[in-house]
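Engineer:
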Amino acid sequence: MLRHIALRITEKLKSAYPQAVWQWRDKPVLSSILAGNTIRICVENMAQYTHADIFFDRFGRIHIEPMVVGEFLPQEKKDSSSEGEGSGEPPVIDVRVWYELIGQKVLEEQITDLNANGHSRLSVKENGDIVIMRQKKEVFRAHLESFPEKSHWQELLAVLSEDELKGRIAGNQLQISWV
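When the letters of the sequence shown are read in order and numbered with my numbering, they come out as residues 113 to 291.
1. Would you be able to state if there are at least three C-beta pairs under 8 Å between the region 218-236 and the region 125-136?
2. How about Ile288 and Ile223: are their beta carbons less than 9 Å apart?
3. When every heavy atom of the ligand GDP is checked, does at least one fall within less than 8 Å of the C-beta of Phe171?
4. May I have the straight-line CA-CA distance separating Ala228 from Ser143, to the nearest angstrom?
5. Looking at the structure shown, is Lys126 part of a helix, part of a strand, or coil, going by DSSP?
6. Mind checking who Ala118 pairs with in its DSSP beta bridge?
7. Would you identify the three-state DSSP class for Val291, choosing helix, strand or coil?
8. How do the region 206-214 and the region 257-276 stand: do at least 3 beta-carbon pairs fall below 8 Å, yes or no?
9. With a threshold of 16 other CB atoms inside 10 Å of the CB of Gly215, please say whether the residue is buried or exposed.
10. So the beta strand (DSSP E) Leu256 belongs to, where does it begin and stop?
11. Which stretch, first to last residue, makes up the alpha helix (DSSP H) that contains Ile214?
12. Using the three-state DSSP reduction, which class does Ile205 fall into: helix, strand or coil?
13. Would you tell me roughly how many angstroms separate the C-alpha atoms of Phe167 and Lys249, rounded to the nearest one?
14. Buried or exposed: where does Ala128 fall if 16 or more other Cβ atoms within 10 Å of its Cβ makes it buried?
Set out below in C-alpha cells:
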C-alpha cells in the first residue's frame with residue numbers, strides 16, 4: 113500500500129515537474145497517512161523547492177505543498193554546465209496539477225497585488241514571464257516555472273475559469289483577467 117501511495121505522489125509531482133525525484137524524509141507509518149496526517153518528503157529537480165508536505169484528504173485526494181527548507185546562510189552558485197539531460201520527447205504535463213502546484217499560488221499573489229493597484233489583467237508569455245502593460249510598455253512582474261506549452265493553453269483556460277479567471281490566447285501570450 114505504501115508503494116501505491118509513493119507512485120501517486122510521483123505521478124502528481126512529475127505532472128508538474130517532469131524531472132522531479134523525491135524520497136521520504138522519515139519513512140511514514142501507513143496508518144498515519146491513512147489518518148490524513150501530513151508527511152514531509154525531500155524533493156529534487158522542482159525549481160527552487162527542496163521539500164514538500166503531503167497529505168490525503170478524506171476523499172483520498174492527494175495534496176502537495178512544495179517548500180524551501182534550508183539554512184540561513186547564502187548558498188554558493190552551482191556549476192550548471194554539467195546539467196543537460198536531453199530527451200527527444202517533450203514531458204507529459206498535467207495542466208491541472210501544474211496549476212495546483214505552481215501556477216495558482218503565483219497568479220493569486222500577482223492578481224491580488226495588481227488588483228489593489230487598479231489593474232484588471234495580466235499576460236503570460238510562452239516562456240512563463242508574467243507581464244503587464246504600463247504606459248504602453250511591457251513590465252515584467254514574475255515568472256511561472258515549467259509553464260505549459262502553447263498546445264496546452266486551451267486546457268489551462270478551462271482550469272482558470274474554474275478559479276473565476278477569464279483568459280484568452282492573444283498571439284504568443286495568454287491574457288488573464290479577473291474583473
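Glycine included, every Cβ here is placed at the ideal spot set by N, Cα and C.
Predicted model only: the values in this text are computed from it and were never measured.
Structural biologist: From the atom records:
1. no
2. yes
3. What this structure holds is no ligand at all, so the ligand GDP is not there to describe.
4. 45 Å
5. helix
6. Beta-bridge pairing links Ala118 to no other residue.
7. coil
8. yes
9. buried
10. Where Leu256 is concerned, there is no enclosing beta strand (DSSP E), given that its DSSP letter is neither H nor E.
11. Element bounds for Ile214: n/a, residue is neither H nor E.
12. coil
13. 43 Å
14. buried
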